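Below you'll find the structure, written out as structure tokens, and then a few comments.
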Amino acid sequence: MDSSEFRAAAKEAVEDITNYYDTIASQPKVVSSVTPGYLRPLLPTSAPEAPEPWSAIHADLQAHIVPGITHWQSPSFHAFFPCTSSYPAMLAELYSNAFNGAHFNWICSPAVTELETIVLDWLAQLLALPEPYLSTSSSRGGGVLHGSASEAILTVMVAARDRFLRAATAHLPDDSDEKEDETWRLRSKLVALGSEAAHSSTKKAAQVLGVRFATVPAPASAGYRMTGAALASTLAALRARGLEPFYLTATLGTTDTCAVDDFSGIRDTLSSSSSDGVWVHVDAAYAGSALALPANQHLTPPLAGFHSFNVNPHKWMLTNFDCSALWVRDRAWLVESLSIKPAYLRNQFSEAGLVTDYRDWQIPLGRRFRSLKLWFVMRAYGAAGIREHLQKGVDQGERFASLLRARADVFDIVTGPRFALVVFTVGRPGWDTQRRNAVTERVLEEVNGRGEIYLTPTTLQGVYVIRVCTASSLVIEDKYTQKAFDIIVAAAERNLNEK
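FYI, the working numbering numbers position 211 of the sequence shown as 208, with every residue one higher than the one before it.
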């Protein structure tokens, strides 16, 4: 494909994309109706030997790929958490792909590194993060863009492990057998923690690192959040077994219910001398975007006493996947764990300490030019436009909850609305959990089976619930919230009336 062919194909692709977004709300189904393995019989068994024209590729895209797409950008997609998109972010991705490079050192593309530092300071300020997280802070904090919150959590867990081990063996001579033996003895006792409502990425990171994982209770009586008291009890029990807690994920917006852990209580619990070695990471992958709204900024002051924080602009902030922002209070924690300097990566600017090399802030070497799309979005929408988008999602969550409350004979709200998420069950007043679980599950299966909207369930300590998120689209309007409610209530009434 030469430049003239690319120009023609790109125009056709842009038309496809804009038409897709212009008509996505009218798609009859949100969820693809294909069956597992549908694609293999439609495609050749091997790659073509001779070049194929764009027209053939484009035709197969429309005929074979598009039917297997679930429409995450549809205003009728209420499942999981959103994965929002926008035209400015798409344009940035086009440029980023054109500037294609690995970008692991400043010298690889100075603009890529420097824009990332600047834009993450912008985002930290928009979210009202404490000053230590900014690159200009005296604590030498700063931000970096990763591919996902899971990657960010694994990265800071590595740094937390090494920080703990350095402190615990600091009294022993460097490079001694004694220090090495003690380090490996301690490694067998390390425990990473998260609440029972924390995302599974914390447990997975512990599994990857080969350390133990323990959960802190987050009962319904505490609003499905981790409290300082529950953390203190868990820490005491672990230490009584001779184990060494070194890392904790606290959550701002849990996946199940969007609960916010008790940051002040956690901070107070860990302020004791016996717990000051525990690294606290705040996972705000979805709900962290809502810190841009002044009504939520009371949540940020305790973060100044923690070690790291992440949010995914690719969830609720109009920035195409992948774009996960991670901040640390001291960048040295990452660099000391992740920096390796073979000769082929060295250059005069890095050696002189004049620049940031983001390869030392992550596990991979190469990295994408992710900051460009975040820069485009923040400029094209402005802080006011971003807040307006976030507030629309919040408002529709309130609206959906009010519709549920008006039908208390059918629905019971378990949590929310919180950060545009409502969690509820289906059943008559007075029904026991078993009966309510059964009908709630049948309703979800019927609704998703029809495919007009898409919902996801979860289980809260034995209670089967349906989650509805109202922040999943560029197009957030009353009529789509009403549509979702009408479909759900119709399915609920059919199932409740079955003999």
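Yeah, the Cβ is synthetic: ideal placement off N, Cα and C, and Gly gets one too.
Fair warning: this is a prediction, and the values are worked out from it, not measured in the lab.
Spatially closest choice to residue i from the options, by CA coordinates
i	options	result
G274	F243, Y283, S286	F243
T297	A53, L267, S261, E385	S261
P127	R402, G302, V257	G302
R432	V419, G459, T453, L418	G459
Local conformation of residue i per DSSP, three classes
i	result
G139	strand
N307	strand
S73	coil
R209	strand
L351	Bear in mind that a pLDDT of 49 at L351, under 50, signals an unreliable position, so the model cannot answer this.
W428	coil
D409	strand
L162	helix
A322	strand
H55	helix
S336	coil
V472	coil
Residues near residue i in its chain [Cβ-Cβ closer than 7 angstroms; skip 5 each side]
i	result
S198	A146, S147, I150
L88	F373
L169	E175, K176, E179
F74	V27, H68, Y451, S469, S470
A487	none
Q24	H68, S71
Proximal residues to residue i (C-beta, below 6 angstroms), its chain only, five neighbours per side dropped
i	result
L245	L190, V275, V277
A377	P85
L362	F101, R356
F161	F243, G274
R236	none
Cα-Cα separation, residue i to residue j
i	j	result
F397	F421	11 angstroms
W181	L187	10 angstroms
R499	D392	Nothing about residue 499 can be read from this structure; the chain reaches only from -2 to 496.
V116	S368	7 angstroms
Y461	V109	46 angstroms
P513	T133	Residue 513 lies beyond the residue range present for the chain, which begins at -2 and ends at 496; the question has no answer from this structure.
R365	V153	20 angstroms
D118	D57	43 angstroms
Y130	P310	17 angstroms
N494	R464	23 angstroms
W358	L142	9 angstroms
S106	N94	14 angstroms
A226	A282	25 angstroms
E323	P38	For the sequence presented, residue 323 should be read as Leu rather than Glu. Roughly 42 angstroms between the two C-alpha positions.
A256	A284	10 angstroms
S286	V472	18 angstroms
S399	T467	13 angstroms
Q294	S269	27 angstroms
M314	T166	43 angstroms
A125	A10	38 angstroms
Which residues DSSP lists as bridging residue i, in chain order
i	result
R464	V420, T453
H278	T246, S305
V257	L249
R415	L418
G191	T212, T246
W372	Its beta-bridge partners do not exist; DSSP assigns none.
K241	Note that residue 241 is Glu in the sequence shown here, rather than Lys. Note: E241 sits in a beta bridge opposite L187.
Contact set for residue i: own chain, Cβ-Cβ below 8 angstroms, skip 5 residues either direction
i	result
I484	V444, R447, E449, I450
I360	E148, L151, T152, V155, L335
A217	L457, Q458
T437	T422, V423, G424, P454, Y461, V462, I463
V411	T254, V420, F421, T422, L457, V460, V462
V31	P64, G65
The ligand HEM heavy atom lying under 8 angstroms from the CB of residue i
i	result
V28	As far as ligands go, the structure on display features none, and thus does not contain the ligand HEM.
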